[in-house]
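**Q**
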Amino acid sequence: MTPVDPALWQRIIQQVVSSGGHIIRPWFTSLESISLEYGLLEIQVPGRREQAYCRQNAMRLFTDAAQRATGRLVSVCFLTRAEAAEEEGDVTAAVVEGVEFDPEDGAFSLNPNYTFEDFVIGPCNRLAHAASVAIGESPGKTYNPLFLHGSVGLGKTHLLQAACSKVRADNPQADIVVLSCETFVNHFIGAVEKGQLHELRHRYRHADVLAIDDIQFLSDHEQTQEEFFHTFNTLYQSQRQIILTSDRGPGEIPSLQNRLVSRFNWGLVARIDRPCYETRVALVHKKARLRGVELPQD
Numbered sequence: 168m169t170p171v172d173p174a175l176w177q178r179i180i181q182q183v184v185s186s187g188g189h190i191i192r193p194w195f196t197s198l199e200s201i202s203l204e205y206g207l208l209e210i211q212v213p214g215r216r217e218q219a220y221c222r223q224n225a226m227r228l229f230t231d232a233a234q235r236a237t238g239r240l241v242s243v244c245f246l247t248r249a250e251a252a253e254e255e256g257d258v259t260a261a262v263v264e265g266v267e268f269d270p271e272d273g274a275f276s277l278n279p280n281y282t283f284e285d286f287v288i289g290p291c292n293r294l295a296h297a298a299s300v301a302i303g304e305s306p307g308k309t310y311n312p313l314f315l316h317g318s319v320g321l322g323k324t325h326l327l328q329a330a331c332s333k334v335r336a337d338n339p340q341a342d343i344v345v346l347s348c349e350t351f352v353n354h355f356i357g358a359v360e361k362g363q364l365h366e367l368r369h370r371y372r373h374a375d376v377l378a379i380d381d382i383q384f385l386s387d388h389e390q391t392q393e394e395f396f397h398t399f400n401t402l403y404q405s406q407r408q409i410i411l412t413s414d415r416g417p418g419e420i421p422s423l424q425n426r427l428v429s430r431f432n433w434g435l436v437a438r439i440d441r442p443c444y445e446t447r448v449a450l451v452h453k454k455a456r457l458r459g460v461e462l463p464q465d
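Start counting at 1 in the sequence shown, then tack on 167, and there's your number in this note's numbering.
If you want it as structure tokens, here you go:
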């Protein structure tokens with residue numbers, strides 16, 4: 168954990184007090200900073216009741232104060248004394264025991280056939296293709312995040328992997344993490360159970376490109392949504408590229424937190440429709456040529 172500079176914490180508290188109004192409570196003076204790393208400020212509160220109050224009434228107040236004091240995009244998390252002690256113990260145990268979080272478990276290998284050259288462009292996917300090419304050439308600087316959505320089998324994963332392959336071709340040293348949302352959820356659950364949240368956060372929040380397929384799997388996973396929210400903020404603040412795919416648009420994902428819906432719309436949301444007849448024919452010919460078969464044009 169990275170402790171918060173006392174002077175910085177004092178500026179945050181002063182900002183809270185000066186703008187908090189009726190939200191301020193006497194016990195705010197007993198709040199303590201725990202750490203500030205990867206864009207997440209952890210604050211210790213006396214107990215469950217104070218934690219519930221801060222989450223419901225003071226989250227925006229502390230977030231705004233932290234962002235003003237640091238000049239960066241910062242998320243805030245309130246922990247009870249017991250939770251803070253448990254988290255510190257988990258991190259220490261992980262270091263002492265030499266346990267390592269394995270981010271490659273379940274991660275995708277880039278498919279060499281998923282390239283822009285092998286993608287058939289048509290009216291149904293032109294915007295999604297152009298945006299994917301743009302972020303492949305200039306990750307983190309054009310459309311961030313890029314959110315691709317459409318039915319199964321329309322090329323979302325192809326474009327996601329093609330963009331990542333382009334980044335890797337131009338910069339072999341780039342740290343590119345490509346995985347399914349289900350794998351991300353499983354990694355989070357495993358990290359919680361093994362006390363390896365610190366390692367998980369370090370892995371995902373230091374990636375140059377984070378590409379997650381089927382992000383709709385976050386639905387109903389409230390704690391994983393909380394974790395991904397902070398991961399998203401850290402990457403976005405650092406201008407690291409985020410690519411997401413889904414079978415539906417951000418606002419159509421059931422039980423997805425409104426703040427995640429908002430962030431998924433920050434960049435470009437591109438829908439891929441079912442291909443028209445001409446595009447389907449071109450797709451058949453392209454696949455045939457890849458297999459060494461030439462089909463008649465008619």
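Backbone N, C-alpha and C fix where the C-beta goes; we use that ideal spot for every residue, glycine too. Treat the numbers as computed from the prediction; the structure is a model and nothing was measured.
1) Which residues in the same chain as Gly273 place their Cβ atom closer than 6 Å to its Cβ, once the five residues preceding and following it in sequence are excluded?
2) Between Gly317 and chain C, is any beta-carbon pair separated by less than 8 Å?
3) Exposed or buried, what is Arg248 when buried is set at 16 or more other beta-carbons lying within 10 Å of its beta-carbon?
4) Under the three-state reduction of DSSP, which class applies to Leu346: helix, strand or coil?
5) Can you look up Val258 in the DSSP assignment and give me helix, strand or coil?
6) Could you tell me the alpha carbon to alpha carbon distance between Ala261 and Glu366, rounded to whole angstroms?
7) Is Val171 helix, strand or coil by DSSP?
8) If you draw a straight line from the alpha carbon of Leu190 to that of Glu284, how long is it in whole angstroms?
9) Tell me whether Ala378 sits in a helix, a strand or coil according to DSSP, three-state version.
10) List the whole-angstrom C-beta distance separating Gln182 from Ala236, where the pair is believed to meet the contact cut-off of C-beta under 8 Å.
11) Do the CB positions of Leu208 and Ala233 come within less than 8 Å of each other?
12) Would you list the residues sitting across from Ala437 in a DSSP beta bridge?
13) Determine the direct distance from the alpha carbon of Val184 to that of Asn437, and round the result to whole angstroms.
14) Who pairs with Phe245 in a beta bridge, going by DSSP?
15) Just to confirm my understanding: we take Asn178, look at its own chain, exclude 5 residues before and 5 after, and list those with CB closer than 7 Å. What are they?
16) How many angstroms separate the CA atom of Val300 from the CA atom of Asp414?
17) Using a 10 Å radius around the Cβ and a threshold of 16 neighbouring Cβ atoms, would you call Val171 buried or exposed?
**A** In this structure, then:
1) Per-residue confidence for Gly273 stands at a pLDDT of 49, beneath the threshold of 50, marking its modelled position as unreliable; the derived number appears in the next sentence. Correct list, in chain order: Thr350.
2) No chain C is part of this structure, which consists of one protein chain only.
3) By the neighbour-count rule (16 or more Cβ atoms within 10 Å), Arg248 is not buried but exposed.
4) Here Leu346 carries a strand assignment [DSSP, helix/strand/coil].
5) Because Val258 carries a pLDDT of 42, less than 50, the predicted location of this residue cannot be relied on, and the following value inherits that uncertainty. In the structure shown, Val258 sits in a helix (DSSP, three-state: H, G or I).
6) Any reading at Ala261 must be qualified, since the residue scores a pLDDT of 38, below 50, and its modelled position is unreliable; no value is offered.
7) Correct three-state label for Val171: coil.
8) Here the sequence assigns Ile to residue 190, which means Leu is not the residue at that position. The straight-line gap from Cα to Cα measures roughly 56 Å.
9) The three-state secondary structure of Ala378, taken from DSSP, is strand.
10) Sure, about 6 Å apart at Cβ, within 8 Å.
11) Contact: yes.
12) Answer by DSSP bridge pairing, in chain order: Leu315.
13) Per the sequence shown, the amino acid found at residue 437 is Ala instead of Asn. Cα-Cα distance, rounded: 42 Å.
14) Its beta-bridge partners are Ile210.
15) It is Arg, not Asn, that sits at residue 178 in the sequence shown. Listed in chain order, the non-local C-beta contacts of Arg178 below 7 Å within the same chain comprise Ala236, local neighbours out to five positions each way being set aside.
16) Linking Val300 to Asp414 through their CA atoms gives a straight-line distance of about 21 Å.
17) It is buried - the Cβ of Val171 has at least 16 other Cβ atoms within 10 Å.
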